[in-house]
Every structure is written in structure tokens, then in C-alpha cells.
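A short worksheet on the structure shown next.
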Amino acid sequence: MKTVSVEHAVRIIPDGASLMIGGFMGVGTPERLIDELVRQQKRNLTVIANDTALPGRGIGKLINAKLVSRTIASHIGLNPETQKQMIEGAMAVDLVPQGTLIERIRAGGAGLGGVLTPTGVGTVVAEGKQSIDLDGRTYLVEPALKADFALIGAFLADYIGNLSYALTARNFNPVIATAGATTIVCAEHIVPVGLIAPDNVITPAALVDYLVANG
Amino acid sequence: MEAQEIIARRIARELKAGMLVNLGIGIPTLVAAYIPKDLPIFFQSENGLIGTGPIPEEGMADPFLTDAGGRPVTAVPGACTFDSAMSFALIRGGHVDVTVLGALQVDASGLLANWMIPGKMVPGMGGAMDLVTGAKRVIIAMQHTAKGKPKIMNKCSLPLTSARRIDLLVTEMAVIAFPEGRATLLESGPGISVEQVIATTEAKLAIPNKVPQMMI
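Chains A and B, in that order, are what the protein sequence lines are.
Start counting the first sequence at 0; every next residue gets the next number (numbering that gives the first Met the number 0).
Start counting the second sequence at 0; every next residue gets the next number (numbering that gives the first Met the number 0).
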């Protein structure tokens with residue numbers, strides 16, 4: 000684990016990278032990393048996240064700046080700019096049921112090939128997908144998802160990178176922390192080792208590659 | 000009384016002590032306002048909270064305590080928070096007793112369309128497909144018609160949400176259940192006759208001998 004400036008952290012990310020980004024309607028999104036991605040004008044990004052927040056907030060800032068060429072998300076309904084770019088064909092959007100999306104990411108991070116889920120059977124979500132009958136029930140085969148980078152918004156990070164989260168800002172964060180080839184963390188507070196009790200560590204430091212320093 | 004209030008009040012009567020309940024956005028959210036204060040019910044928000052409480056008083060909002068729409072909420076005693084994988088294990092795994100969701104259309108067999116209008120409105124399904132597939136009981140809250148046009152159809156013209164049928168449909172004009180995949184009128188709305196329900200419903204309804212008016 001290395002502690003780096005936000006500028007350095009984003010320099011590591013090349014144009015065209017795939018990014019899993021934590022947050023739910025912007026809550027729990029590492030806002031400083033987003034702002035720096037916009038400042039450095041990283042282009043042609045693939046974003047994998049629950050949603051694209053609102054225009055001007057969280058992932059919405061990347062969409063506004065037209066830095067995203069593909070989005071994989073469960074909901075874009077509260078961001079008209081995402082819908083506009085999708086309809087104009089400027090950005091590809093794959094809509095995935097929320098429970099399927101998080102399980103595909105979990106599978107990716109856990110070394111599994113994918114998951115079997117009943118969600119989506121009998122709907123357009125099933126089109127073109129393999130299905131399997133098991134114990135009298137039909138399941139879709141949903142492949143695992145991984146990304147080049149996982150961008151995490153934590154509440155507490157200790158000096159070696161153990162993380163904990165606050166209330167509903169946890170959401171996708173601990174799951175995507177397992178599924179990015181490189182994991183970059185922004186935390187609300189950076190605290191001495193030992194201050195997060197072992198039982199309260201949600202993301203082990205072993206999963207964290209870069210911690211963005213304050214300032 | 001406004002249509003939305005009739006629907007929310009009627010659905011509130013379906014919720015019992017000890018239930019874990021997920022409310023969707025729109026009319027479903029209003030249901031929480033009509034639960035008796037001493038009734039121990041926990042509301043789940045799919046962004047990772049059981050024990051969602053009312054909107055905080057002014058100046059008391061926490062940016063990290065929000066509902067699935069990103070709006071500030073409070074948490075009741077006994078509340079807990081968790082990540083999205085746990086949230087959908089609860090939902091898909093059959094641990095949520097009741098989900099109340101909005102709808103665009105419901106068909107005569109109880110199939111639901113509530114997440115997109117091709118070419119017009121493509122917000123994404125969010126958690127709706129998982130909720131309908133996995134919750135123990137699915138209750139739909141919707142206005143009976145849209146600009147005078149029926150929303151309870153022979154067959155949904157819009158993309159379906161799940162292959163799983165809903166359990167109960169509550170509108171301001173009717174309460175409809177789907178025993179054996181057949182739309183059956185259980186109650187008519189306040190001041191609404193059975194004939195008025197039939198006239199505003201495209202789907203053929205099974206009509207029992209006695210159809211009481213909704214108690215709200």
C-alpha cells in the first residue's frame with residue numbers, strides 16, 4: 000500500500016481504463032478522485048457503478064464532462080444527461096439489475112466465473128443469455144465482472160489501508176474493493192493503525208493499493 | 000381524499016408487526032406515513048439500511064444516511080447498515096416480507112411492467128427486478144388509469160419486470176389479487192361501484208358474489 004497525492008493517484012489511470020466506482024446516488028463516492036479525473040481529462044472511460052448520480056454530483060461529473068464511453072449500471076433515471084448521451088449514441092449503457100450487478104462484481108472479486116440468478120428470467124434481461132435449470136427453477140448465467148481500477152470512498156482508513164465505512168455510504172464500496180486490479184481509496188478521515196478495531200475493519204488493507212493523502 | 004392517499008392508507012393495513020418491508024419510490028414511500036406508530040415494522044432501503052426512519056428535522060441531515068433516492072433519512076432504534084451484496088441477499092433470498100412498488104402496467108395474470116417505456120423512458124430497473132423476483136409478497140401501488148387509459152391490461156405491452164406474478168394490486172378504485180394467475184376483484188374503492196371498476200379495467204376480472212368497499 001502506498002500513500003499518494005490525489006494528482007498522483009489519477010495519473011496512474013490511463014485513458015480507456017475501466018473503473019468501478021463506489022457510491023449510491025453519489026453517497027459514498029470518492030468525490031476528490033472524480034474531480035481529479037475531470038481536471039486531468041481522462042477520456043474514453045468505462046464506468047461500472049450502481050448509478051450515475053445526478054448531473055454535477057459524483058459520477059455525474061464524469062458524464063457531464065463527456066469522459067465516459069461506456070456505463071454499466073442498474074439505474075440512470077435520476078441523471079437526464081446520462082439518458083441524453085445514451086439516446087444520442089455518445090455513450091453505451093448496459094443496464095443490469097442491481098442485485099445481479101453487485102453479485103457479478105462480488106464473483107469477479109472472489110475468483111468465481113459468475114453467478115446463477117433467477118432475476119431477469121422471462122424479461123428482456125434474459126435475451127442472449129444462457130440459462131440453467133436447477134432443482135426445478137430457472138436461473139440466468141451472469142458472468143463475473145472485474146475492472147482495471149476500483150475507486151473507493153471510505154469513512155476511516157488507517158495508515159496501512161484498513162477501511163471502515165459510514166452508514167449508507169458503504170453500499171458498493173467493500174465489494175468493488177475486491178474486483179479492481181488496482182484499488183485506490185479516498186477516506187473522510189485517515190487515522191492511526193489500531194484506531195479501527197479489528198471487528199470494525201470492513202475492507203482489509205490487503206485489498207488496498209493506494210490511499211489518497213489529505214490535502 | 001386524493002388517490003395516492005387512498006392507495007397508501009389501504010396498503011398500510013397489509014403490513015403487520017415484525018415484518019421487514021421495502022418501499023419503492025413514489026406512492027409506495029407514502030405508505031410509511033400511515034403505519035400506526037407503535038407497530039414494530041422495519042423498513043429496508045436497498046442502498047444498505049434496515050430501520051429507515053422519517054426525514055430528519057431541518058439541520059439534522061447526515062450526508063451518509065440516505066434512502067435509495069439519495070435523500071437524507073433517519074434511522075430507528077435497532078437499525079443496521081450493510082453493503083449492497085447483503086442488501087440483495089436479503090431481497091433476492093426471500094428475507095424481505097413485503098415489497099411495495101409502483102407500476103406502469105399489470106396484466107390479467109398478475110405480471111408486472113414497471114421499469115421502462117421503450118424509446119421514451121429508460122431509467123434502468125435498479126432493484127425492482129430483484130425485489131419482484133425475491134420478496135415473499137409483492138404489493139403494487141398504482142393509480143387505476145393513466146390519463147383515462149387502463150393500466151390493468153389483458154397483457155402488458157411494456158417490458159416485464161419479472162416472470163414472478165404480483166400478489167396484490169391496490170389502486171384508488173380497487174384491490175385486486177391474483178389467485179391461480181387470475182385477476183380477482185377483492186374490494187372496490189371508496190364510493191366506487193364494481194361496474195365503475197370493470198369499465199376502467201381492460202383485463203377481465205373475476206368478480207366474487209360479495210365485493211366490499213375498501214376500508215381505509
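Ideal Cβ positions, reconstructed from N, Cα and C, are used throughout, including at glycine.
- Each residue's CA atom was taken as its position, placing A67 (chain B) and G190 (chain B) some 35 Å apart.
- Between the stretch 100-118 of chain B and the stretch 168-180 of chain B there are three or more C-beta pairs closer than 8 Å, enough to call the two in contact.
- Not flagged as an interface residue toward chain B: P54 (chain A), since no C-beta distance is shorter than 8 Å.
- Proximity of chain A to E45 (chain B) at the Cβ level (cut-off 8 Å) is accounted for by Q97, in chain order.
- Beyond the five residues adjoining it in sequence on each side, R70 (chain B) comes within less than 8 Å, by CB distance, of I54 in the same chain, given in chain order.
- Under the Cβ distance rule, I138 (chain B) does not count among the residues neighbouring chain A, no pair being separated by less than 8 Å.
- Taking each of B:G188, B:K209, B:T183 in turn and checking the Cα distance to E1 (chain B), the smallest one comes out for B:G188.
- If you draw a straight line from the Cα of I26 (chain B) to the Cα of F42 (chain B), it comes to about 15 Å.
- For G152 (chain A), the pairing in a beta bridge is given by DSSP as A:C185.
- The C-alpha of K148 (chain B) is placed about 24 Å away from the C-alpha of A127 (chain B).
- The three-state reading of DSSP puts N161 (chain A) in coil, since its state is none of H, G, I, E or B.
- One alpha carbon belongs to R12 (chain B), the other to I138 (chain B), and they sit about 12 Å apart.
- The alpha-carbon of E57 (chain B) is positioned some 40 Å away from that of E87 (chain A).
- Per DSSP, the continuous alpha helix (DSSP H) segment holding R103 (chain A) begins and ends at 97-108.
- What S73 (chain A) touches in chain B, judged by beta-carbon distance under 8 Å, is G123, M124, G125, G126, going in chain order.
- Inclusion of G113 (chain A) and A149 (chain A) in the CB contact set at 8 Å is not warranted, their separation being larger than that value.
- Contact between the stretch 170-186 of chain A and the stretch 124-133 of chain A is not established, with fewer than three Cβ pairs separated by less than 8 Å.
- Non-local C-beta neighbours of G179 (chain A) in its own chain, meaning closer than 6 Å and more than five positions away in sequence, comprise M19, A146, F148, A149, ordered along the chain.
- S44 (chain B) has B:L48 as its beta-bridge partners, per DSSP.
- Within the same chain, and ignoring the five residues on either side of V95 (chain B) in sequence, the residues whose Cβ sits closer than 8 Å to its Cβ are L19, V20, N21, Q43, L89, L130, G133, A134, K135.
- Contact between A78 (chain B) and I49 (chain B) is confirmed by a C-beta separation of about 6 Å, below the 8 Å threshold.
- Short of 8 Å from the beta carbon of R103 (chain A), and not among the five residues preceding or following it, lie these beta carbons of its own chain, in chain order: V95, G113, V114, E141, P142, A143, L144.
- In terms of Cβ geometry, N153 (chain B) and E194 (chain B) do not form a close pair [threshold 8 Å].
- For a cut-off of 8 Å, the C-beta gap from T177 (chain A) to D208 (chain A) is around 12 Å, too long to register as a contact.
- Per DSSP, reduced to three states, the secondary structure at I139 (chain B) is strand.
- Secondary structure note for G133 (chain B): its alpha helix (DSSP H) is the uninterrupted segment 127-133.
- K60 (chain A) sits in a helix when the DSSP states are folded into three classes.
- Taking all protein chains shown into account, G92 (chain B) has fewer than 16 neighbouring C-beta atoms within 10 Å of its C-beta and is therefore exposed.
- N170 (chain A) reaches chain B at N46, G47, D82, S83, counting residues in chain order whose Cβ is nearer than 7 Å.
- With respect to chain B, the C-beta atom of N49 (chain A) has a partner C-beta closer than 8 Å.
- With contacts defined by Cβ atoms closer than 8 Å, R69 (chain A) and A91 (chain A) form a contacting pair.
- A contact is defined here as three or more CB-CB pairs under 8 Å, and the stretch 8-22 of chain A meets this definition with respect to the stretch 37-51 of chain A.
- Using a Cβ distance threshold of 8 Å, G57 (chain A) and E30 (chain A) count as a contacting pair.
- By the 16-neighbour rule on beta-carbons within 10 angstroms, M115 (chain B) is buried.
- Proximity to V190 (chain A) across A:M24, A:L162, A:Q84 peaks at A:L162, based on C-alpha coordinates.
- Beyond the five residues adjoining it in sequence on each side, V192 (chain A) comes within less than 8 Å, by CB distance, of D157, Y158, I159, N161 in the same chain, given in chain order.
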